[in-house]
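A.B. asks: So that we are looking at the same thing, I have put the structure below in structure tokens.
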Amino acid sequence: MTGDAPDFSQRLAERAAQVETVLEGILDPHPQKGEIARPAHLLAAMRHGVLNGGKRLRPFLVLETAELTGADSEAALRVAAALECVHCYSLIHDDLPAMDNDDLRRGLPTVHVAFDDATAILAGDTLLTIAFEIITAPQTPADDSRKTALVLSLARAAGIGGMAGGQALDLAAETTTPDEAGIITLQAMKTGALLRFACEAGAILGETSEEDRECLIRFGEAIGLAFQLADDLLDVTSDSDHMGKATGKDAERGKATLVGLHGQPWARRQLSGLVEEANALLDRFGDRALILRIAARFIAERDR
């Protein structure tokens, strides 16, 4: 990383702290209006799955693209928290024995290990549900048209044509090896869709032209591909102690990846190209997009 990295790391940590404060309030034991009670065991599992560290990269992208487009900061914070709930739900379910069967997440026992399978399923279900509550609630200061657009975009990013569909393709890839195009589609859905939404959300909340919004969407797609490619590299080059989760899983399961197909030098060249593509998409925003440029490089060069 360059000399910009310390400032970026600080900014990332500050944004994470902001989002975690919002999440703490959302995952409060007191029932909200219209709720009857919040079962303590289920709430504890949800908090274990959400308030357990992590870079909070997706919320970071919501907040930074929202600032770029002049969006309301409080609205952006709540949308960022909603997205993190969806992301954490997906991790809880992915870790289940019926899915990836992982025991470790962010250096801690996964939710089904710390609690049980049924509670983990319910925790994930509830986090997915609460995400849409956060966006549409009166506490989120955005007009109804923006809330509707956010709900539609997030639902599509998380659903059959996005993350959940990508997980289905990922499970199928354990028995039927996809070709290169299939791998790219799988990864764009499973990993890229929420990163794309993170960048689009800021555009929805702010005042942008269609051209600006499209550039931020395409930026999200580029860094989504970079994120997964970097993840695949780390799966073969790092270890579980450093990563805080199991590594070497793809090779162990015979799962095809672009790194496996083309090798590590090719993957690093591709990452460099994706960073260049992401930067070019931000040219129209000038110096205001500096933090997003640094974020693209961080995603491609991260070591965990």
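Everything in the sequence shown is counted per my numbering, starting at 234 for the first residue and increasing by one. Virtual Cβ for every residue (Gly too), placed ideally from N, Cα, C.
Drop a sphere of 10 angstroms on the beta-carbon of Ala273, count the other beta-carbons inside from all chains shown, and report buried for 16 or more, exposed for fewer.
C.D. replies: Within the sequence shown, numbered from 1, the residue matching residue 273 stands at position 40. Label assigned to Ala273: exposed.
A.B. asks: How many Å lie between Cys321 and Asp516 at the Cα?
C.D. replies: Residue 321 sits at position 88 when you count from the first residue of the sequence shown. Residue 516 sits at position 283 when you count from the first residue of the sequence shown. Distance between the alpha carbons of Cys321 and Asp516: 32 Å.
A.B. asks: Given a cut-off of 8 Å, decide if Met279 and Leu360 are closer than it, judged by their beta-carbon atoms.
C.D. replies: Indexing the sequence shown from 1 puts residue 360 at position 127. Indexing the sequence shown from 1 puts residue 279 at position 46. Their beta carbons are under 8 Å apart, which means Leu360 touches Met279 by this criterion.
A.B. asks: Please tell me whether Thr362 has its Cβ less than 8 Å away from any Cβ of chain B.
C.D. replies: The structure shown contains no chain B; it holds only a single protein chain.
A.B. asks: Taking the alpha-carbon positions, what's the Ile450 to Thr441 distance?
C.D. replies: Here residue 450 refers to the residue found at position 217 when the sequence shown is read from its first residue. Here residue 441 refers to the residue found at position 208 when the sequence shown is read from its first residue. Distance between the alpha carbons of Ile450 and Thr441 is about 12 Å.
A.B. asks: Touching or not, the segment 347-354 and the segment 239-249, by the rule of three or more beta carbon pairs under 8 Å?
C.D. replies: At 8 Å Cβ cutoff, the stretches do not touch.
A.B. asks: Could you tell me whether the Cβ atoms of Gly399 and Leu383 are closer together than 8 Å?
C.D. replies: In the sequence shown, counting from the first residue as 1, residue 399 sits at position 166. In the sequence shown, counting from the first residue as 1, residue 383 sits at position 150. No. Outside cutoff.
A.B. asks: Looking at Thr370: is its Cβ nearer than 8 Å to the Cβ of Ala426?
C.D. replies: Residue mapping note: residue 370 aligns to position 137 of the sequence shown, counting from 1. Residue mapping note: residue 426 aligns to position 193 of the sequence shown, counting from 1. Per the sequence shown, residue 370 should be read as Ala rather than Thr. Not in contact: Ala370 and Ala426 (Cβ atoms no closer than 8 Å).
A.B. asks: Could you say which of Val312, Thr408, Pro411 lies nearest to Glu365 if we only look at CA atoms?
C.D. replies: The residue labelled residue 365 in the question sits at position 132 within the sequence shown. For clarity, residue 365 is Phe in the given sequence; the question names Glu instead. Closest option to Phe365, Cα to Cα, is Val312.
A.B. asks: Rounded to whole angstroms, what's the CA-CA distance from His326 to Met332? Just pull it up for me.
C.D. replies: Looking up residue 326 in the sequence shown gives position 93. Looking up residue 332 in the sequence shown gives position 99. The straight-line gap from Cα to Cα measures roughly 7 Å.
A.B. asks: Just checking my contact of Thr410 with Ala489 at CB under 8 Å: how many whole Å lie between their CB atoms?
C.D. replies: Your numbering for residue 410 matches position 177 in the sequence shown. Your numbering for residue 489 matches position 256 in the sequence shown. With 8 Å as the limit, Thr410 and Ala489 qualify as a contact, their Cβ atoms being about 5 Å apart.
A.B. asks: Cα separation between Asp358 and Asn334?
C.D. replies: Reading the sequence shown from its first residue, position 125 is the one you call residue 358. Reading the sequence shown from its first residue, position 101 is the one you call residue 334. Rounded to whole angstroms, Asp358 to Asn334 spans 18 Å at the Cα level.
A.B. asks: Who are the Cβ neighbours of Gln372 in its own chain at under 8 Å, not counting the five residues just before and after it?
C.D. replies: As a first step, residue 372 is located in the sequence shown; it is residue number 139 there, counting from the start. So the qualifying residues of the chain are Arg311.
A.B. asks: How big is the Cα-Cα spacing for His304 and Thr408?
C.D. replies: The sequence position of residue 304 within the sequence shown is 71, counting from 1. The sequence position of residue 408 within the sequence shown is 175, counting from 1. Before going on, a small fix: residue 304 reads as Ala here, not His. Roughly 45 Å separates the two Cα atoms.
A.B. asks: Three or more beta-carbon pairs under 8 Å between the segment 493-500 and the segment 442-461, yes or no?
C.D. replies: Contact fails: fewer than three Cβ-Cβ distances are below 8 Å.
A.B. asks: Pull up the distance between the alpha-carbon of Glu534 and that of Ala463, whole angstroms please.
C.D. replies: In the sequence shown, the residue the question calls residue 534 occupies position 301. In the sequence shown, the residue the question calls residue 463 occupies position 230. Those two C-alpha atoms are separated by around 7 Å.
A.B. asks: Verify whether the separation of the beta carbon atoms of Val543 and Ala309 is less than 8 Å.
C.D. replies: Residue 543 lies beyond the stretch modelled for the chain, which goes from 234 to 537, so this question has no answer here.
A.B. asks: Pull up the DSSP beta-bridge partners for Pro342, would you.
C.D. replies: For the purposes of this step, residue 342 is taken as the residue at position 109 of the sequence shown. Its beta-bridge partners are Leu337.
A.B. asks: Could you give the distance in angstroms between the alpha-carbon of Arg530 and the alpha-carbon of Phe241?
C.D. replies: Here residue 530 refers to the residue found at position 297 of the sequence shown. Here residue 241 refers to the residue found at position 8 of the sequence shown. Spanning the two alpha carbons is a distance of roughly 11 Å.
A.B. asks: Considering Cα atoms alone, identify which of Arg291, Ala511, His281, Arg338 is closest to Phe541.
C.D. replies: For residue 541 there is no data in the structure shown, the boundaries of the chain being 234 and 537.
A.B. asks: Please report how far the alpha carbon of Gly258 lies from the alpha carbon of Ala314, in whole angstroms.
C.D. replies: Walking along the sequence shown from the start, residue 258 turns up at place 25. Walking along the sequence shown from the start, residue 314 turns up at place 81. Their Cα atoms are separated by approximately 10 Å.
A.B. asks: Along the alpha helix (DSSP H) that carries Asp445, what are the first and last residues, could you check?
C.D. replies: As a working mapping, residue 445 is identified with position 212 in the sequence shown. First-last of the alpha helix (DSSP H) with Asp445: 443-470.
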